[in-house]
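Asker: A single structure is presented below for examination.
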Amino acid sequence: MAKAKAEKPAKDLSYRQSPDYVPTKEKLAYGCGAFMDGGGVALMSCVMLKYMEGGLGIAVGTASTIMMVSKIWDAITDPIMGFISDNTRGKWGRRKPYMFFGGILLIIGIFLLFLPVEEWGIISADNKAGLVAWMVVMYLLWNTFSTITMVPYCSMSSDISPSFKERNNANTVKLVFNAAASGLAYVLPLLFIEALISHNTGGDGYLFMPSMNATEFWLAICIIFGALFGGGLIITGLFVKERIKATTPKEKFNFKQFVKNYAEPYKNRSYRWHIVMYVAAFTCLDMISALAVYYATDVWAGKELFGMDMSSLFIIAPLMVAAVIMFPLARYVMDKKTKQFAFRMGLPAYIIAGILLCVMDPSWAPPVLVPIVALLMGFGFGGAQMMPWIIFPDTVDVGQMATGERSTGTYSGMMTLARKIAGALGVGLVGWILEGVGYVEKRAPGDQTDEVLLAVRLIMGLAVVFFIAIALWGSFKYKVDNKKLTRVRYFIEARKAGTVLSEEEEAERTALVHELYGKEDPGGYVTVLAGADGAEMSADTPEASFGEADGEIFEESAISSEKGEAAAEDSVPEEESAAPETSEDEEK
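Read in order, the letters of the sequence shown correspond to residues 1314 to 1901 in my numbering.
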């Protein structure tokens, strides 16, 4: 008789009953907000400079200055929005209302930003001052709407779940959506802007796109990306749950304390190195995005590839495709090794590709090398694009372990502030250099001087080498790994559960603070217990005061339930409640 086939044991799905679990549908809804997170930056990075210069005839140096001023405004308002979001109280939570209503504002903002004021006769083509003023006001408005939505959305990367495994999974979904939106927001707008430039210079179209007038360009950009960006955030605001809730009263705004609070994240050593990695990698991307059109249509003017004129599409599309291909590998490496290793593993290829784009001369290099080198650059960029927002919640955990406070909005606001200021200066530098070497607006492709073409190539190569080398260095300085993070989470939960640490545990916690946070421990360890009325109070310990009571709780968690705490005090022996439970998923 044939042996009966052994039945596979049933898969254990009990983890889905945990309040920390994020269902798949919710992860997908959370990912929809990343359409704006990735696509909004990509759209403005690759289109705005060329739109103002080639579409409206604004001098390239002035156009880049408009972008820089708007981005700096965006950066300055990020921490303010972080404070507002952290101090919002309501049944919708701290983040969701801004994503929902901000999504509506984004749809309005994009229609105003690209409104064809010149073609419709609202502002004369000869009135350059009027065109500049319009773009300054509308771009500032767009960036304000972006801040209203993006700071709360980025804070959700930490607040969606207290479990770092669930956060990693949710943020991986987010980054897939982010990459898809980035690819779409790079490719389509580049086709649209080149079709618009073709119309303005008397051409018949670009690649397979017919020429587009300003109204057609406006409708194409606004309908597609207004629905994608605004609609995605509305979905996130409606269907994503905040599992970490605030319990402290709202703070009144105090400018001196506000500035002091926003310097706090930079006391966190892990956060500082994370910022170095993030800012360097994405400033490089901002500069490449701004230069892609100039590199393809000016440096490689007159060259054909696959029977088509050379286009920025042959740079951006391979780069983004390769980056998306790298995501699963980066996710695998992150689990097997560390997140910082996944971040840096492709950076040497990124640097080599940047050097090749710089040295390749159309007089001897075949055009097919352009997409091949861009593909190599994308393989290098994939991990660098994916990892920063997966690393970000871990730095917030380190700060909470050290200080007892979890100001996710503050950390998120300072993160985006640093990136936007650096990106603003990078894009501004591109425009100032091009204007300085004699770039002339609204000229047909190939009509720029040799000095301008050399400047485009040099900026492209030097930006990659300089910024990616800095990002690579920062990744070696970042020391948080999964093993250390498990212990960080243990000490956070132990404090919430009122656990008194042993001498060995206190020594371990102090060592972690010194390694991951800073040379000085912000206060030592104080347990937090619940009194009869549910108020928090400190247990007696010989250590110094830990600081303010922790301002956030995990929704539906046993340690935040007053009934659970009271029952524990009445019926659980002290030795049995000495340490919080750690889930099997987090231990693994």
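By construction, the Cβ of each residue, glycine as well, lies at the ideal position given by its N, Cα and C atoms.
Quick check: the segment 1632-1642 against the segment 1488-1500, are there 3 or more CB pairs under 8 Å?
Answerer: Verdict: yes, contact present.
Asker: According to DSSP, is K1558 helix, strand or coil?
Answerer: To locate residue 1558, count along the sequence shown from 1; it is residue 245. Here K1558 sits in strand by DSSP.
Asker: Let me know if E1718 comes out buried or exposed under the rule of 16 or more other beta-carbons within 10 Å of its beta-carbon.
Answerer: Against the sequence shown, residue 1718 aligns to sequence position 405. E1718 should be labelled buried.
Asker: Counting pairs of beta carbons, one from the segment 1735-1742 and one from the segment 1591-1598, are three or more of them closer than 8 Å?
Answerer: The segment 1735-1742 vs the segment 1591-1598: in contact.
Asker: Using only the alpha-carbon positions, how far apart do V1743 and A1376 sit?
Answerer: For the purposes of this step, residue 1743 is taken as residue 430 along the sequence shown, with counting starting at 1. For the purposes of this step, residue 1376 is taken as residue 63 along the sequence shown, with counting starting at 1. Straight-line Cα distance between these residues: approximately 10 Å.
Asker: Could you spell out the range, first to last residue, of the alpha helix (DSSP H) harbouring Y1499?
Answerer: Here residue 1499 refers to the residue found at position 186 when the sequence shown is read from its first residue. Per DSSP, Y1499 belongs to the alpha helix (DSSP H) from F1477 to N1513.
Asker: For M1394, which of A1342, F1571 and F1348 has the nearest alpha-carbon?
Answerer: Here the question's residue 1394 lines up with position 81 in the sequence shown. Considering only alpha carbons, the answer is F1571.
Asker: What is the DSSP secondary structure of L1618, counted as helix, strand or coil?
Answerer: Along the sequence shown, read from residue 1 onward, the residue named residue 1618 stands at position 305. Reduced to three states, the DSSP call for L1618 is strand.
Asker: V1606: which of V1778, K1652, M1448 and L1766 sits nearest, CA to CA?
Answerer: Here residue 1606 refers to the residue found at position 293 when the sequence shown is read from its first residue. Checking every option, the nearest Cα to that of V1606 belongs to L1766.
Asker: Cutting at 6 Å between CB atoms, please list the residues of its own chain near M1658, excluding the five before and the five after it.
Answerer: To locate residue 1658, count along the sequence shown from 1; it is residue 345. Once the five neighbours on either side are set aside, the close Cβ partners of M1658 are G1696.
Asker: Please list, in chain order, all residues of the same chain as F1804 whose beta carbon is under 7 Å from its beta carbon, the five residues on each side excluded.
Answerer: Locating residue 1804 in the sequence shown gives position 491, counting from the first residue. Correct list, in chain order: M1714 and R1822.
Asker: Just to check my reading of the structure: V1753 and I1664 have Cβ atoms closer than 8 Å, yes? What is that Cβ distance to the nearest angstrom?
Answerer: Walking along the sequence shown from the start, residue 1753 turns up at place 440. Walking along the sequence shown from the start, residue 1664 turns up at place 351. That belief does not hold up - the Cβ atoms of V1753 and I1664 are roughly 32 Å apart, past 8 Å.
Asker: Buried or exposed, going by whether 16 or more other CB atoms sit within 10 Å of the CB of I1628?
Answerer: As a first step, residue 1628 is located in the sequence shown; it is residue number 315 there, counting from the start. It is buried - the Cβ of I1628 has at least 16 other Cβ atoms within 10 Å.
Asker: Take the Cβ of F1640 as the centre, count every other Cβ of all protein chains shown within 10 Å, and call the residue buried at 16 or more, exposed below.
Answerer: In the sequence shown, residue 1640 corresponds to position 327, counting from 1. Buried, because 16 or more other Cβ atoms sit within 10 Å of the Cβ of F1640.
Asker: How should D1707 be labelled, buried or exposed, when 16 other C-beta atoms within 10 angstroms of its C-beta is the threshold for buried?
Answerer: Within the sequence shown, the letter at position 394 stands for residue 1707. By the 10 Å Cβ count, D1707 comes out buried.
Asker: Kindly indicate which three-state DSSP category P1332 falls into: helix, strand or coil?
Answerer: By one-based count along the sequence shown, residue 1332 stands at place 19. Note: P1332 maps to coil in three-state DSSP.
Asker: In whole angstroms, what separates the C-alpha of P1429 from that of T1528?
Answerer: For this step, residue 1429 is matched to residue 116 along the sequence shown. For this step, residue 1528 is matched to residue 215 along the sequence shown. Straight-line Cα distance between these residues: approximately 6 Å.
Asker: How is P1410 classed by DSSP in three states: helix, strand or coil?
Answerer: Here residue 1410 is taken as the residue at index 97 of the sequence shown, counted from 1. Three-state DSSP puts P1410 in a helix.
Asker: Are the segment 1639-1654 and the segment 1697-1705 touching by the rule of at least three beta carbon pairs closer than 8 Å?
Answerer: Yes, since at least three Cβ pairs between the segment 1639-1654 and the segment 1697-1705 fall closer than 8 Å, the two stretches touch.
Asker: List the whole-angstrom C-beta distance separating F1348 from G1415, where the pair is believed to meet the contact cut-off of C-beta under 8 Å.
Answerer: Taking the sequence shown and counting its residues from 1, one reaches residue 1348 at position 35. Taking the sequence shown and counting its residues from 1, one reaches residue 1415 at position 102. Going by Cβ atoms, the distance from F1348 to G1415 rounds to 13 Å, so no, they are not a contact pair.
Asker: At 3 residues or longer, and completely inside the segment 1557-1610: list those beta strand (DSSP E) runs for me, N to C.
Answerer: Correct list: 1557-1559.
Asker: Using a Cβ-Cβ cut-off of 6 Å (strictly less than) and excluding sequence neighbours within five positions of S1625, which residues of its own chain qualify?
Answerer: On the sequence shown, position 312 is the one that residue 1625 refers to. If we look at S1625 and ignore the five residues flanking it on each side, its Cβ neighbours are L1503, A1605, V1606 and A1609.
Asker: Which value, in whole angstroms, describes the spacing of the CA atoms of I1421 and G1539?
Answerer: Position 108 of the sequence shown, counted from the first residue, corresponds to residue 1421. Position 226 of the sequence shown, counted from the first residue, corresponds to residue 1539. Cα to Cα, the separation comes out at about 8 Å.
Asker: Taking all protein chains shown into account, do 16 or more other C-beta atoms lie within 10 angstroms of the C-beta of P1758, making it buried, or fewer, making it exposed?
Answerer: The count along the sequence shown starts at 1 and reaches residue 1758 at position 445. P1758 should be labelled buried.
Asker: Hey, could you find the ends of the alpha helix (DSSP H) M1394 is sitting in?
Answerer: Position 81 of the sequence shown, counted from the first residue, corresponds to residue 1394. Per DSSP, M1394 belongs to the alpha helix (DSSP H) from V1373 to D1399.
Asker: How big is the Cα-Cα spacing for I1417 and I1385?
Answerer: One-based indexing of the sequence shown puts residue 1417 at position 104. One-based indexing of the sequence shown puts residue 1385 at position 72. If you take the alpha carbons of I1417 and I1385, they lie about 23 Å apart.
Asker: Select from V1709, A1784 and M1463 the residue whose C-alpha is nearest the C-alpha of Y1579.
Answerer: By 1-based counting over the sequence shown, the position of residue 1579 is 266. Y1579 has its Cα closest to that of V1709, out of V1709, A1784 and M1463.
Asker: How long is the line joining the alpha carbons of I1557 and G1741, rounded to whole angstroms?
Answerer: On the sequence shown, residue 1557 is found 244 positions in, with the first residue counted as 1. On the sequence shown, residue 1741 is found 428 positions in, with the first residue counted as 1. So the alpha carbons of these two residues sit roughly 39 Å apart.
Asker: Check each candidate in F1552, E1833, V1750 and L1825 and name the one with the smallest Cα separation from G1344.
Answerer: Position 31 of the sequence shown, counting from 1, holds the residue named residue 1344. Checking every option, the nearest Cα to that of G1344 belongs to F1552.
Asker: Going by other Cβ atoms of all chains shown within 10 Å of its Cβ, with 16 needed for buried, is V1681 buried or exposed?
Answerer: As a position in the sequence shown, residue 1681 is number 368, starting the count at 1. Flag for V1681 reads exposed.
Asker: Going by C-alpha to C-alpha distance, which of R1770, L1747 and T1716 sits closest to V1683?
Answerer: Locating residue 1683 in the sequence shown gives position 370, counting from the first residue. The shortest Cα separation from V1683 among R1770, L1747 and T1716 belongs to R1770.
Asker: Measuring alpha carbon to alpha carbon, tell me which residue in F1694, W1531, K1809 and W1745 is nearest M1380.
Answerer: If you number the sequence shown from 1, residue 1380 lands on position 67. Cα-wise, what sits closest to M1380 is W1745.
Asker: Out of curiosity, what's the CA-to-CA distance linking P1332 and H1827?
Answerer: On the sequence shown, position 19 is the one that residue 1332 refers to. On the sequence shown, position 514 is the one that residue 1827 refers to. Spanning the two alpha carbons is a distance of roughly 32 Å.
Asker: Taking contact to mean 3 or more Cβ pairs, one atom from each stretch, closer than 8 Å, check whether the segment 1574-1591 and the segment 1780-1795 are in contact.
Answerer: Touching, yes.
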